[in-house]
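Numbering follows numbering that gives the first Met the number 0, with no gaps: position 45 of the sequence shown is 44.
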Amino acid sequence: MTVANRDTDVTRYSRQDVLRILHLHARQITAWERAGLISPTEQYSFEELGQLRTLRDLQARTRFSARSIRASVDAMQRVAGMRNPLMEASAVRKGSRLAFRHGGALVDPLSQQLAFDFEVPSGLRVMRCQGSNLAQKAINVQELFLQAVRMEEDPATVPRAIEIYETILSVGPQHAPTLINLGTIHYNMRQYEKAEELYRRATKADPEYALAFFDLGNVLDELQQLSQATEAYQKAVSLVPQYADAHYNLALAYERQGQRRRALRHWLTYVRLDPVGPWANHAKDQARKILKTEKLSIVSRRGRLVKAAG
Numbered sequence: 000m001t002v003a004n005r006d007t008d009v010t011r012y013s014r015q016d017v018l019r020i021l022h023l024h025a026r027q028i029t030a031w032e033r034a035g036l037i038s039p040t041e042q043y044s045f046e047e048l049g050q051l052r053t054l055r056d057l058q059a060r061t062r063f064s065a066r067s068i069r070a071s072v073d074a075m076q077r078v079a080g081m082r083n084p085l086m087e088a089s090a091v092r093k094g095s096r097l098a099f100r101h102g103g104a105l106v107d108p109l110s111q112q113l114a115f116d117f118e119v120p121s122g123l124r125v126m127r128c129q130g131s132n133l134a135q136k137a138i139n140v141q142e143l144f145l146q147a148v149r150m151e152e153d154p155a156t157v158p159r160a161i162e163i164y165e166t167i168l169s170v171g172p173q174h175a176p177t178l179i180n181l182g183t184i185h186y187n188m189r190q191y192e193k194a195e196e197l198y199r200r201a202t203k204a205d206p207e208y209a210l211a212f213f214d215l216g217n218v219l220d221e222l223q224q225l226s227q228a229t230e231a232y233q234k235a236v237s238l239v240p241q242y243a244d245a246h247y248n249l250a251l252a253y254e255r256q257g258q259r260r261r262a263l264r265h266w267l268t269y270v271r272l273d274p275v276g277p278w279a280n281h282a283k284d285q286a287r288k289i290l291k292t293e294k295l296s297i298v299s300r301r302g303r304l305v306k307a308a309g
C-alpha cells in the first residue's frame, strides 16, 4: 500500500506497489539488491521508484547483467562525481560496455573515454535553453519523465501525465520510454490503435528495447492480430532470452494458433525462469497436457521426420 510520512509528507511505495506498478518479479528486485544497485527495503521513495524503472528499462534494452551495470555505475560515480548516475545521466549501450550521456558528452566510465555525443536529439538541447514553464520546472527530460510517471499513479492526473509525455515527444520524438508509457495509458483506456502506433514508434526508436516489442505484442493480441503479436513476442525473447513474461505470452499465442509443440518450449522456459506462483502452475499444467497428448517427433540430420519411441 502507498503511504505518506506525516513528518516529511513523502510518498512511499510498498514492495508490492512497486511490483504492480513496474510489472516486475520479486526475483528481479532481489537480484538488483544482491548486486548492490539498490538497498534492501520494504518501502520505496518516488526517486527510488524512478531508479527501479530505469533499471528495468536499461536491462530490457542492453541485456547487461546487474553486476555489469553496478560496475559501470560505480565507475561513473568516481569519474563524474555523481551521486546517482542512473538518474542524473542517460545510460546507453556502447558496444559491449555501458556508457552514459551527460552534458552533451558520451562517457565510458570504465575506460574513462569521453566523446561529444552526436546522437543527442537537437530538440533536447532546445528544451534546456527555451524558457517554457515546463523547462523551468524540469531541467531535463528525465525529470519531466518522472513527473509524468508520478501523474500516472492518480487517475485524476492521468490527463496531465499525457500532456507531459506529449511535451517530451514534441522535442524528442524518439524517446522510447515516453512512447511506451504513453502507449500504455492509451492501452489502459482501450484506445488500442493509438497504443499500437506509439509502441511501433518505440520499436523503431530503439530496436533493441524488448519491452517495446512485448507491449506491441499485447496490443496486437487485443486487436486480434495474432500472427503479428506472435512476431512481436518472438522479437522480445530474441532480444532478452530471460524475459519470462514474453515467453508466457508467446506460449499462449502459439497455443491459440494450434502450434502446441512450439508453445511447449516456451511454457517450459517460463517455468525455468519463474518456477513459483499461479502463472508457473498454469505453465506447468499446459506443458503436461501437451506432453501427454502430443505425439512428439524428432528430425534426423538429413531432415527426415522420425517418430519418437513410446
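Glycine included, every Cβ here is placed at the ideal spot set by N, Cα and C.
Open item on the list: Classify E195: buried if its beta carbon has 16 or more other beta carbons within 10 angstroms, exposed otherwise.
Closed with: buried
TODO: Return the CA-CA distance between I163 and D205, expressed in angstroms with no decimal places.
DONE: 21 Å
- [ ] Evaluate the contact criterion for the stretch 245-256 versus the stretch 32-51: three or more CB pairs, one atom per stretch, below 8 Å.
- [x] no
Open item on the list: Comparing C-alpha positions only, which one of Q224, E87, R92 sits nearest to S67?
Closed with: R92
Task: Cβ-based burial, Q50 [other Cβ within 10 Å; buried from 16] - done: buried
TODO: Classify L219 as buried or exposed, calling it buried when 16 or more other Cβ atoms lie within 10 Å of its own Cβ.
DONE: buried
Task: Identity of the residue in Q58, L222, Y198 nearest L215 by Cα - done: Y198
Open item on the list: Counting C-beta neighbours from all protein chains within 10 Å, is the total for G217 16 or more, i.e. buried, or is it exposed?
Closed with: According to the sequence provided, residue 217 is Asn. The question's Gly does not apply to it. Under this definition N217 is a buried residue.
Open item on the list: Tell me the rounded alpha-carbon separation between L54 and T292.
Closed with: 42 Å
Open item on the list: Can you find the residues in the same chain that come closer than 8 Å, C-beta to C-beta, to L23, ignoring five residues on each side of it along the sequence?
Closed with: V17, L51, R55
Task: Buried versus exposed, by CB contacts within 10 Å (16 or more), P84 - done: buried
Open item on the list: Can you give me the C-alpha to C-alpha distance between I179 and R100, rounded to a whole angstrom?
Closed with: 21 Å
Open item on the list: Is the separation between the beta-carbon of A209 and that of A228 shorter than 8 Å?
Closed with: no
Open item on the list: In the DSSP output, what is Q42 paired with across the bridge?
Closed with: S13
Open item on the list: How far does the alpha helix (DSSP H) with R255 in it extend, from its first residue to its last?
Closed with: 243-255
Open item on the list: So, with DSSP's three-state summary, where would you put S95?
Closed with: coil
Task: Start and end residues, alpha helix (DSSP H) containing E220 - done: The residue you asked about is not Glu; residue 220 is Asp in the sequence shown. Element bounds for D220: 209-221.
Open item on the list: Closest to A108 by C-alpha separation, out of E87, E142, V140, V72, would be which residue?
Closed with: According to the sequence provided, residue 108 is Pro. The question's Ala does not apply to it. Looking at the Cα atoms, V72 is the closest of the given residues.
- [ ] For Y191, collect the residues of the same chain with a Cβ closer than 7 Å to its Cβ; drop the 5 residues on either side in sequence, then sort them by chain order.
- [x] V218, E221, L222
Task: N-terminal and C-terminal residue of the alpha helix (DSSP H) that M86 is part of - done: 84-87
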